[in-house]
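Enquirer:
Protein chains in written order, with this note's numbering: chain A, 186 to 405; chain B, 40 to 231.
(1) Are the stretch 55 to 63 of chain B and the stretch 90 to 100 of chain B touching, with three or more C-beta to C-beta distances below 8 Å?
(2) Select from the stretch 127 to 141 of chain B all residues with a C-beta closer than 9 Å to any C-beta belonging to chain A, and list them in chain order.
(3) Below 8 Å CB to CB, which residues in the same chain sit around residue 317 (chain A) once its five sequence neighbours on both sides are set aside?
(4) Does residue 347 (chain A) come within less than 8 Å of chain B when only Cβ atoms are used?
(5) Taking a contact to mean a Cβ-Cβ separation below 8 Å, would you say residue 145 (chain B) touches residue 181 (chain B) in this structure?
(6) Chain A partners of residue 117 (chain B), CB-CB under 7 Å?
(7) Within the stretch 41 to 115 of chain B, note down every full beta strand (DSSP E) run reaching 3 residues or more, in order along the chain.
(8) Could you list the residues in the stretch 97 to 113 of chain B with a C-beta less than 8 Å from some C-beta on chain A, going in chain order?
(9) Kindly indicate the opening and closing residues of the beta strand (DSSP E) around residue 122 (chain B).
(10) What residues in the stretch 202 to 227 of chain A have a beta carbon less than 8 Å from any beta carbon of chain B?
(11) Go through its chain and collect everything with a Cβ distance to residue 232 (chain A)'s Cβ below 6 Å, but skip five positions before and after it.
(12) Give me the chain B residues within the contact set of residue 232 (chain A), using Cβ-Cβ distance strictly less than 8 Å, ordered along the chain.
(13) By alpha-carbon positions, which one of B:78, B:142, B:207, B:77 ends up nearest to residue 219 (chain A)?
(14) Assign residue 109 (chain B) to one of two classes, buried (16 or more other C-beta atoms within 10 Å of its C-beta) or exposed (fewer than that).
(15) By the criterion of Cβ-Cβ separation under 9 Å, what are the contact partners of residue 202 (chain B) in chain A?
(16) Which residues of the stretch 76 to 90 of chain B have a Cβ closer than 8 Å to any Cβ of chain A? Give them in chain order.
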């Protein structure tokens, strides 16, 4: 199997994967490569900034104070007189997104775009049984502070979900084995991720400094 | 603007320093880095998209018999090639993701996946909005869309044929004897 994950300057992520399948597979056997969520996945969502967004609160200006007084809206006046209340007071026309930082102080969250894309390779039936790649994406999306890197390791890393799912009933070659490559974009910041639970994975990427890297094993 | 990024893979499995001699390591290294370099160069083009770059990279990998995709694909137990491909984007296309399977004559399955994803939007593609298609009906669409079709022996390579024969012989041997080789002793056979 071969695969590629790309992020372009517009922020779109794409994953492309192609394979001849499993050596000596039964005719008609379908693997994880063409199965959405098993061997490939890409998705994006809007979430509130995961950093404490308090710094986003802008103190009121004199003009806005006059404006809210002229509007006579008590909330606006309160918010301006008692800034600590500001985050509770919905500003007219603005969709209010409140998040709680770890002190449980409701703060107005800044919305950012979060996107992930991944390609899997290895024992296809294991990826199918665990719905591996979408599971990693879901961990990244629905766990408040899980990076895609940690999600990929939970699935395809040593002792990860894939390895645990390998039923030693059949003890077939390669059961539970595989690796995942991916890219995560949070706001404007992107990260290349990968992990695998077997001997090696042929992979090449451009790192944060623009250098081209190649590895097969870990710790090369 | 966001800084473009790219990563490629060429397979994973029971690869060890024992069953991957230095010359094979160098061959994979040179192949993957040249694909990465060629694909990264596309980022400088004005109309470059993640979809075009990813399709370009995987097309090059399919054309390289070193990898289990396109030319150099592994064989089924019946000695045939059944190719699969997929593409998915984080936004921009209604279908979002597509899967192609049971292909035997399409030279670059990844180009077919890209057509399946994009045609629905542009000119009613003829896929009825389906996300997964397989076999002859899909190959007829590939022909209608002007993709290159080849005869099945285009995909044949001696290396994969030998793996196919060895794999069958090994299975037979394991069934007849109780001893099965340890994972380290086994050859790295592409798992898909």
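Positions of the beta carbon are idealized from the N, C-alpha and C atoms, including for glycine.
Expert: On the basis of the coordinates in this document:
(1) Cβ pair count under 8 Å is below three, so no.
(2) 127, 128, 129, 130, 131, 135, 136, 137, 138, 139, 140, 141
(3) As a position in the first chain, residue 317 (chain A) is number 132, starting the count at 1. Here the set comprises 217, 223, 224, 305, 311, 340, 341, 346, 347, 363, 365.
(4) In the first chain, residue 347 (chain A) corresponds to position 162, counting from 1. With 8 Å as the cut-off, residue 347 (chain A) does not count as an interface residue toward chain B.
(5) Reading the second chain from its first residue, position 106 is the one you call residue 145 (chain B). Reading the second chain from its first residue, position 142 is the one you call residue 181 (chain B). Yes.
(6) On the second chain, position 78 is the one that residue 117 (chain B) refers to. Correct list: 212.
(7) 44 to 52
(8) 97, 100, 101, 106, 107, 108, 109, 111, 112, 113
(9) Within the second chain, the letter at position 83 stands for residue 122 (chain B). Per DSSP, residue 122 (chain B) belongs to the beta strand (DSSP E) from 122 to 128.
(10) 202, 203, 204, 205, 206, 207, 208, 209, 210, 211, 212, 213, 214, 215, 216, 217, 218, 219, 220, 221, 224, 225, 226, 227
(11) Sequence index remark: in the first chain, residue 232 (chain A) carries index 47 (1-based). Within the same chain, residue 232 (chain A) has close Cβ partners 299.
(12) One-based indexing of the first chain puts residue 232 (chain A) at position 47. Neighbours of residue 232 (chain A) in chain B, taken as residues whose beta carbon is under 8 Å from its own, are absent, since the nearest beta carbon is some 14 Å off.
(13) The sequence position of residue 219 (chain A) within the first chain is 34, counting from 1. Of the listed residues, the one whose Cα sits closest to residue 219 (chain A) is B:142.
(14) On the second chain, position 70 is the one that residue 109 (chain B) refers to. It is buried - the Cβ of residue 109 (chain B) has at least 16 other Cβ atoms within 10 Å.
(15) Against the second chain, residue 202 (chain B) aligns to sequence position 163. Within 9 Å Cβ-Cβ: 208, 209.
(16) Look at the stretch 76 to 90 of chain B: the residues with a C-beta under 8 Å from a C-beta of chain A are 76, 78, 79, 82, 87, 88, 89, 90.
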